[in-house]
Amino acid sequence: MRLLLNHFKSTASQPTVVETFLPMNDGMPAAPGRVHSRFAAAEYGLEAEAMPSEPCDMIIEPSPEELLNELIPKVQRLKIYTVLLDSNAAEHAARTVAMQTATDNGNDLLESLTLEYNKGRQQKITSEILDIVGGSLQ
């Protein structure tokens with residue numbers, strides 16, 4: 675099962691990613707001691723090729739079935755919560771960037787309009803001065 679989400683990478687970048695929700699092979703959970711994806715291997719600081727190819731012999735108490743029945747719902751809730759937080763952070767970052775861009779565009783527009791207004795006002799004042807000076811010469 676996979677999840678499609680917007681991942682918060684940085685304020686300027688929120689790529690859409692696909693993450694594995696539950697690592698399953700043909701409906702069976704991953705064997706103990708094995709990580710089936712390079713992403714998960716990198717997350718634990720392992721290299722996919724360096725991981726053991728055979729499952730490790732270990733004693734699990736309570737039984738593996740009881741442990742899976744207890745842990746899988748918790749892992750599912752935690753993964754969904756993490757994905758929601760990540761998507762929320764990406765959305766807020768995208769909104770922040772959009773608002774900053776809109777503010778910058780508004781400021782640029784205000785500066786150009788102020789410049790146009792001041793040029794027009796200066797031209798009008800210069801015209802009035804020239805009319806006054808021209809009228810006093812006659």
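Positions 675 to 812 (the working numbering) are the ones given, in order, by the sequence shown. C-beta atoms are modelled at their ideal positions from N, C-alpha and C, and glycine is treated no differently.
| Item | Value |
| --- | --- |
| Count the other CB atoms within 10 Å of the CB of residue 764; is the residue buried (16 or more) or exposed (fewer)? | buried |
| Could you check which residue in 766, 696, 691 has the C-alpha nearest to that of residue 747? | 696 |
| May I ask you to report which of helix, strand or coil DSSP gives residue 776? | helix |
| With H, G and I counted as helix, E and B as strand and the rest as coil, what does DSSP make of residue 696? | coil |
| Would you check if the distance between the CB atom of residue 761 and the CB atom of residue 680 is smaller than 7 Å? | yes |
| Grouping DSSP H, G and I as helix and E and B as strand, with all else coil, what is residue 685? | coil |
| Have a look at residue 689 and residue 793 and give me their C-alpha separation to the nearest angstrom. | 45 Å |
| Residue 692 and residue 676 - do their beta-carbons sit closer together than 7 Å? | yes |
| Would the C-beta of residue 773 count as close to the ligand COA, meaning under 6 Å from any of its heavy atoms? | No copy of the ligand COA occurs in the structure displayed, which carries no ligand at all. |
| What is the rounded straight-line gap between the Cα of residue 806 and the Cα of residue 795? | 17 Å |
| Roughly how many whole angstroms lie between the Cα atoms of residue 786 and residue 778? | 12 Å |
| Starting from the Cα of residue 687, find the closest Cα among 769, 809, 802, 732 and give me that residue. | 769 |
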